[in-house]
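Chains Y and S supply the protein sequences, listed in that same order. Using the numbering used here, read the first sequence as starting at 29 and increasing by one per residue. Using the numbering used here, read the second sequence as starting at 27 and increasing by one per residue. Every residue gets a Cβ at the ideal spot worked out from N, C-alpha and C, and that includes glycine. Below is one structure, written out as structure tokens, with a few remarks after it.
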Amino acid sequence: MLSIKNLHVSINDKPILKGLSLDINPGEVHAIMGPNGAGKSTLSHVLSGKSGYTVTEGSVTYQGKDLLDMAPEIRAREGVFLAFQYPVEIPGVSNIYLLKAALNAMRRHHGLPEVDAMDFLTLVKDKVKLLQMDEKFLYRAVNEGFSGGEKKRNEILQAAVLEPKLCILDETDSGLDIDALRIVSDGVNSLRNAERSFLMITHYQRLLDYVKPDVVHVLADGKIVKSGGPELALELEEKGYSWLEGQAA
Amino acid sequence: MAADNAYLAAYPAALPGSDLPWLQQVRSAGLQAFAEHGFPNTREEEWRYTNLAALNKTLFAPTEHQTVDAEWLKAWRLEDAWSVVLVNGRFSVDLSNLAGLPEAVTVTSLKQALLDRPAWLQDYLGQAVADSEHSLVAFNTAWFSDGVLIEVAAKQVLDQPIQILHVVTEADALAATRNLLVIGDQAEAEVIETFVGSATSYFTAAVAECFLGSNAGLTLYKVQAEADKAQHFGGTYLKQAPDSRFMHHNFAFGALLARSDIHSDLDKASECSLNGLYLGGNRQHIDNHTRINHLKPHGISREFYKGVLDQRARGVFQGRVIVSEDAQQTDSQMNNRNLLLSRDAEVDTKPQLEIYADDVKCSHGVTVGQLEEKSVFYLQSRGLDEAAARNILTFAFANEMVDKVENEGLKALLVEQVLAHFPAINL
Numbered sequence: 029m030l031s032i033k034n035l036h037v038s039i040n041d042k043p044i045l046k047g048l049s050l051d052i053n054p055g056e057v058h059a060i061m062g063p064n065g066a067g068k069s070t071l072s073h074v075l076s077g078k079s080g081y082t083v084t085e086g087s088v089t090y091q092g093k094d095l096l097d098m099a100p101e102i103r104a105r106e107g108v109f110l111a112f113q114y115p116v117e118i119p120g121v122s123n124i125y126l127l128k129a130a131l132n133a134m135r136r137h138h139g140l141p142e143v144d145a146m147d148f149l150t151l152v153k154d155k156v157k158l159l160q161m162d163e164k165f166l167y168r169a170v171n172e173g174f175s176g177g178e179k180k181r182n183e184i185l186q187a188a189v190l191e192p193k194l195c196i197l198d199e200t201d202s203g204l205d206i207d208a209l210r211i212v213s214d215g216v217n218s219l220r221n222a223e224r225s226f227l228m229i230t231h232y233q234r235l236l237d238y239v240k241p242d243v244v245h246v247l248a249d250g251k252i253v254k255s256g257g258p259e260l261a262l263e264l265e266e267k268g269y270s271w272l273e274g275q276a277a
Numbered sequence: 027m028a029a030d031n032a033y034l035a036a037y038p039a040a041l042p043g044s045d046l047p048w049l050q051q052v053r054s055a056g057l058q059a060f061a062e063h064g065f066p067n068t069r070e071e072e073w074r075y076t077n078l079a080a081l082n083k084t085l086f087a088p089t090e091h092q093t094v095d096a097e098w099l100k101a102w103r104l105e106d107a108w109s110v111v112l113v114n115g116r117f118s119v120d121l122s123n124l125a126g127l128p129e130a131v132t133v134t135s136l137k138q139a140l141l142d143r144p145a146w147l148q149d150y151l152g153q154a155v156a157d158s159e160h161s162l163v164a165f166n167t168a169w170f171s172d173g174v175l176i177e178v179a180a181k182q183v184l185d186q187p188i189q190i191l192h193v194v195t196e197a198d199a200l201a202a203t204r205n206l207l208v209i210g211d212q213a214e215a216e217v218i219e220t221f222v223g224s225a226t227s228y229f230t231a232a233v234a235e236c237f238l239g240s241n242a243g244l245t246l247y248k249v250q251a252e253a254d255k256a257q258h259f260g261g262t263y264l265k266q267a268p269d270s271r272f273m274h275h276n277f278a279f280g281a282l283l284a285r286s287d288i289h290s291d292l293d294k295a296s297e298c299s300l301n302g303l304y305l306g307g308n309r310q311h312i313d314n315h316t317r318i319n320h321l322k323p324h325g326i327s328r329e330f331y332k333g334v335l336d337q338r339a340r341g342v343f344q345g346r347v348i349v350s351e352d353a354q355q356t357d358s359q360m361n362n363r364n365l366l367l368s369r370d371a372e373v374d375t376k377p378q379l380e381i382y383a384d385d386v387k388c389s390h391g392v393t394v395g396q397l398e399e400k401s402v403f404y405l406q407s408r409g410l411d412e413a414a415a416r417n418i419l420t421f422a423f424a425n426e427m428v429d430k431v432e433n434e435g436l437k438a439l440l441v442e443q444v445l446a447h448f449p450a451i452n453l
């Protein structure tokens, strides 16, 4: 699914990722944990194609193709979805419009006809229910005036509609109270299947109580310094990150 | 001043109301003011950014023609509305539709009203705006060839809007009209002014005077979708009695040069809400000049104007709020936001707060900027290409003003207009 090899990334000549390697197979859930400034968000941005980052070395292969060579929208249409840490408010664009435009962009990319309006509504309403959202949210402007929890739920709603192959969750748990965390996690779990992979970037272990990862990685100073099973997250929760820093994977 | 003289030399021999001495006096005063001054020029503070030289390059002249391509006009007509049509500055009975209008409502041509009830008109004409405002008002006073009178009796609430279609069909025509809207105490009305042309180059000079009785409500829309090379001046001037509510939505899409004045005098506890959207491309010049005059205590005013300027277009926003010494407890907010899509586009925005009372709540804000890159990226990350993302964001920026429109038929028409400015959006 995704193969990152020796990835080096700089922002304004300042190296942030310093040789990160990671392989994710279809259906796997990987969690990346690490202290602030380790490069977690940089990784999610580079994978989704945000500008302002320079890849100085290494490669990212997604489904056998060079991911870094694709424009952000092509990555999205090929099935890479980033749930933003800070979802952007887009006044004047309704949620339902964005969902439909995004779904149709993806369908056109794959040579499929645009979705029928009625079918689309049925589909979206199902997903709204799944995320325990009010249908009114569909007609509100994207993220505008949403609470932190609503914004995160809205990101997962988009994922549920677009059905990506690789879902990157960038600190999706941050700013959520326990109820919102449970709803978002249920949404994520409902999206899990044998083909869909997840890369969850998180600061805290608590998300992993709800969404069980297959593999946990520790990112420190631009590299993965340790990988293990879910138990690694518990160990980190207990001991912090300092015992791993400076350690090579 | 030579070309201004050309207008004077071509001054029409017969205009409505020429047999009324009081109106003759009003007309002569307007004519004289215009003769002395000519069209406003950029040396005047309130015309600093707007150059009317084009009015002197062509002599725009009144025309008797009344033929309109009905099919073409249909696109601008709203369903579920009464309508009156002014063709080249003259009321067309044939094209108007006033079937089922309640008895307590009068909608007629100004020409007819001058015949039927001249004494009554004398109390209103020229009372919401004076010729001394600027010489285009004086020009209008001297030249208006017709107009619409709408009178809504006290307590009458209209359940349908009245649409006034200003249509110009002849090249180099002058359409000078004066509309009077008199909304009685506790009455409510919705009026939609639409400005369009099937000719390319012409001059619209329209003045509307509105009088709101106490506790009356008026929602007034202006849809300025004039032809590409048209020159447009539209002035809307109001007198608001105590507790009255005025809501204005001003959409400026067309014309090569367009200037709108919206001025309101607010009596005690009256409310004035001015919304505006201007979209400029090519070499369009769009100037909106608003003045909210809080004369008495407890008035509320809200002003929100947005502009999108592309290519070499230029926008001007002048928002003036005056809070007089008497107008304690005034609550006023003004906001003007602009999006510049090209390096050559320009906007001159000038909020002006003049506060002479000491216990008021007034604020204003202005922004001029470009699209936010993080928003563009967010849409791209959802699969939309960059051009589509930019178009959608621009559309959304503009559409916020359209969304405030409650009339669904009008809203659909406006969305179409806005979309026409941003091709490549696949809604």
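Cα-Cα separation between residue i and residue j, rounded to whole angstroms
| i | j | result |
| --- | --- | --- |
| S:L246 | S:L365 | 25 Å |
| Y:I196 | S:G280 | 46 Å |
| S:L453 | Y:A188 | A caution first: S:L453 carries a pLDDT of 46, below 50, which makes its placement in the model unreliable, though a value can still be read off. About 22 Å. |
| S:V386 | S:L136 | 40 Å |
| Y:I102 | S:D411 | 8 Å |
| Y:E163 | Y:V152 | 9 Å |
| S:M27 | S:K255 | Reliability of the predicted coordinates at S:M27 is poor, the pLDDT of 48 falling under 50, and the value obtained from them is presented with this limitation in mind. Distance between the alpha carbons of S:M27 and S:K255 is about 23 Å. |
| S:N67 | Y:F148 | 56 Å |
| S:N362 | S:D287 | 16 Å |
| Y:K42 | Y:D249 | 12 Å |
| Y:I39 | S:E398 | 20 Å |
| S:Q189 | Y:L126 | 34 Å |
Member of the options whose CA lies at the smallest distance from the CA of residue i
| i | options | result |
| --- | --- | --- |
| Y:K240 | Y:L30, Y:L45, Y:E266, Y:H58 | Y:H58 |
| S:S63 | S:N31, S:A87, S:P38, S:W48 | The amino acid occupying residue 63 of chain S in the given sequence is His; Ser does not appear at that position. Taking only the C-alpha atoms, the option nearest S:H63 is S:N31. |
| Y:Y232 | Y:R220, Y:M146, Y:E223, Y:K267 | Y:K267 |
| S:L283 | S:L78, S:Q266, S:E70 | S:L78 |
| Y:N132 | Y:H138, Y:E142, Y:N123, Y:N221 | Y:E142 |
| Y:P119 | Y:V88, Y:N217, Y:Y167 | Y:Y167 |
| S:D384 | S:A202, S:H324, S:Q378, S:P187 | S:H324 |
| Y:I184 | Y:F109, Y:A222, Y:V246 | Y:F109 |
| S:A231 | S:Q266, S:V193, S:W146, S:G333 | S:V193 |
| S:V174 | S:A180, S:F117, S:F221, S:Q148 | S:F117 |
| Y:R136 | Y:A104, Y:Q113, Y:F165, Y:K155 | Y:A104 |
| Y:L194 | Y:K78, Y:G55, Y:T200 | Y:G55 |
| S:F403 | S:A424, S:I418, S:H390, S:V394 | S:I418 |
Residue environment, residue i, which counts as buried when at least 16 other CB atoms sit within 10 Å
| i | result |
| --- | --- |
| Y:W271 | exposed |
| S:E219 | buried |
| S:Y263 | buried |
| Y:A276 | Only weak support is given to the placement of Y:A276: the predicted model assigns it a pLDDT of 47, under 50, and the value that follows is read from those uncertain coordinates. Exposed, because fewer than 16 other Cβ atoms sit within 10 Å of the Cβ of Y:A276. |
| S:Y331 | buried |
| Y:T150 | exposed |
| S:H160 | buried |
| Y:N64 | exposed |
| S:A40 | exposed |
| S:W73 | buried |
| S:P42 | buried |
| Y:D97 | exposed |
| Y:E178 | buried |
Residue range of the unbroken beta strand (DSSP E) whose run includes residue i
| i | result |
| --- | --- |
| S:F117 | 116–123 |
| Y:S225 | 225–230 |
| S:N362 | 357–366 |
| S:R271 | 271–278 |
Beta-bridge pairing of residue i - partner residues as DSSP gives them
| i | result |
| --- | --- |
| S:V233 | S:R204, S:G261 |
| Y:P43 | Y:S38 |
| S:E216 | S:T245 |
Boundaries of the alpha helix (DSSP H) in which residue i is found, first to last residue
| i | result |
| --- | --- |
| Y:F112 | First-last for Y:F112: undefined, no H or E at that position. |
| S:T420 | 412–428 |
| S:W73 | Neither: S:W73 is in no alpha helix (DSSP H) and is coded neither H nor E. |
| S:Q148 | 144–148 |
| S:E434 | 434–447 |
| Y:M134 | 123–137 |
| Y:K179 | 176–190 |
Cβ-heavy atom distance, residue i to the ligand SAM, below 8 Å
| i | result |
| --- | --- |
| S:Q378 | With respect to small molecules bound, the structure shown includes none, and the ligand SAM cannot be examined in it. |
Against chain B: residues of the segment 181–193 of chain Y by CB proximity under 9 Å
In summary, chain B is missing from the structure at hand, where the protein chains are Y and S.
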